[in-house]
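Everything below concerns the one structure shown next.
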Amino acid sequence: MRYCLVDNIEQGEKLARPIFTSDGRVLLGEGVLLTVGLIARLHRMGVQAVYIQDDRYKDISVEEIVSEETRRETVSRLSESFQYIQDDTKGFQLKTVSKQASSIVDEIMLNKDVLVNLSDIRTKDNCVYYHSVTVCIMAIVIGIKLGLDRGKLRDLAIGALFHDIGKTLMGSNDHTWKGFNAIRQNPEFSRLSAVVALQHHENIDGSGYPRQIRGEEIHIFSKIVAVVNYYDNLVSPREETKGLYPYEACERVMALTNKMFEHEIVWTFLRSIAFYPTGCQVKLTTGETGMVYAQNHGLPQRPVIRVFKSVGKEADDYETKEVDLAKETTIFIKEIIAK
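If you're matching positions, the sequence shown starts at 671 in this note's numbering and goes up one per residue.
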């Protein structure tokens, strides 16, 4: 399969990965033939890119640090929980989200050497929830690398899942305080989970909000979520703008080290994220074009590229070779090809 911008989908191509609604239902299934009408529908839904089936890339697959089933179930449970909190429903226990947080922690601990790939297909309907789940996944990856124990990882996961709950409440100008208070009202959740909602917009140089605290005054959970929340907002499409590519967003994060973000957390994050998502097409400094075929876990900015060379007039007349950028140290990725 290959990663393809919706703007560049050709009529008759097929989806390689399904698209889901916020409650976990399949909106468009794997293998669906993309007609002009469906492509237009993807645009209306706010989808920026999808994975497309391609015979040349049959063996290319995205390593999942958390299974699609777990992500989808968490999105569904989170959607329900947000609605209960907005409705101020009394007596509702958030055990289902707590269970999903534990499942995410368990899966990541089993797959902790897998890089985080940009693989969720988001729509206007599900973007808030997928953002929260993605922030949670990336936060746990960092937390594991920093040596947090399982109990702390669970509290971090819950804080990350609910970090933006304040934005969904009425009069959300002070959404950090509203989020903090909403989480604190539930006895199942620790105060540290609530602190994430309060502090994830604080900067280590004291320039953040709501309290302009700095350095060690900010809890480590909040420092972690601050980095991954900022990153995921950069790569996520908005109403008027397209999201950045991961390598572009990583450069933005690096530029804010020791200003907004703590150096150790940024460094840990950059060793955990795929700069160039598996399945995206790239151009090398050699002039060759190819597909990101696999990731190098020790050097996420230097993936393995499958290069294609045409040897005839037919579309399937080509030769391939693999270029491991971790070994070919004089070759670099020049650009991502927006196809």
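Even glycine gets a Cβ: it sits at the ideal position worked out from N, Cα and C.
Identify, in the order they occur along the chain, each residue of the same chain with its Cβ nearer than 7 Å to the Cβ of residue i, setting aside the five sequence neighbours on each side.
i: D844; result: P880
i: V736; result: I774, E777, I778 and I807
i: L816; result: T938
Quick one: Cα of residue i to Cα of residue j, how far?
i: S773; j: K765; result: 12 Å
i: H967; j: F945; result: 11 Å
i: G761; j: Y754; result: For G761, the pLDDT reaches just 46, beneath the cut-off of 50, and the residue's location in the model is therefore unreliable, leaving the point undetermined.
i: K728; j: S751; result: 38 Å
i: I709; j: Y799; result: 23 Å
i: R824; j: Y917; result: 29 Å
i: H889; j: F859; result: 16 Å
i: F850; j: V865; result: 6 Å
i: M930; j: R922; result: 11 Å
What is the DSSP secondary structure of residue i, counted as helix, strand or coil?
i: L940; result: helix
i: V951; result: With the sequence shown as reference, residue 951 is identified as Gln, and Val is not the correct amino acid for it. If DSSP states are grouped into helix, strand and coil, Q951 belongs with the strands.
i: S892; result: helix
i: G849; result: helix
i: V865; result: helix
i: R672; result: strand
i: V914; result: Note that residue 914 is Leu in the sequence shown, not Val. Three-state DSSP puts L914 in coil, outside helix and strand.
i: L926; result: coil
i: I689; result: strand
i: L708; result: helix
Taking 6 Å as the limit between beta carbons, can you name the residues of its chain near residue i, skipping five residues before and five after?
i: G699; result: P688
i: K893; result: E932 and I935
i: G878; result: H871 and E872
i: L826; result: A809, G813 and F891
Using a threshold of 9 Å, state whether the C-beta atoms of residue i and residue j are closer than that.
i: L697; j: T705; result: no
i: I810; j: F832; result: no
i: A996; j: V977; result: no
i: Y673; j: G949; result: yes
i: M671; j: D724; result: yes
i: L685; j: Y721; result: yes
i: V895; j: G829; result: yes
i: L703; j: E680; result: no
i: F1002; j: L926; result: no
Is residue i near the ligand MG - that is, is its Cβ less than 8 Å away from at least one heavy atom of it?
i: N856; result: No copy of the ligand MG occurs in the structure displayed, which carries no ligand at all.
Tell me which residues share the same chain as residue i and place their Cβ nearer than 8 Å to its Cβ, disregarding the 5 neighbours each side in the sequence.
i: T846; result: G836, A867, L868, Q869, H870, H871, Y879 and P880
Entirely within the stretch 721-789 and at least 4 residues each: give me those alpha helix (DSSP H) ranges in chain order. 738-756 and 765-780
Please go through the stretch 967-1004 and give each complete beta strand (DSSP E) segment of 3 or more residues, from N-terminal end onward. 974-980 and 988-994
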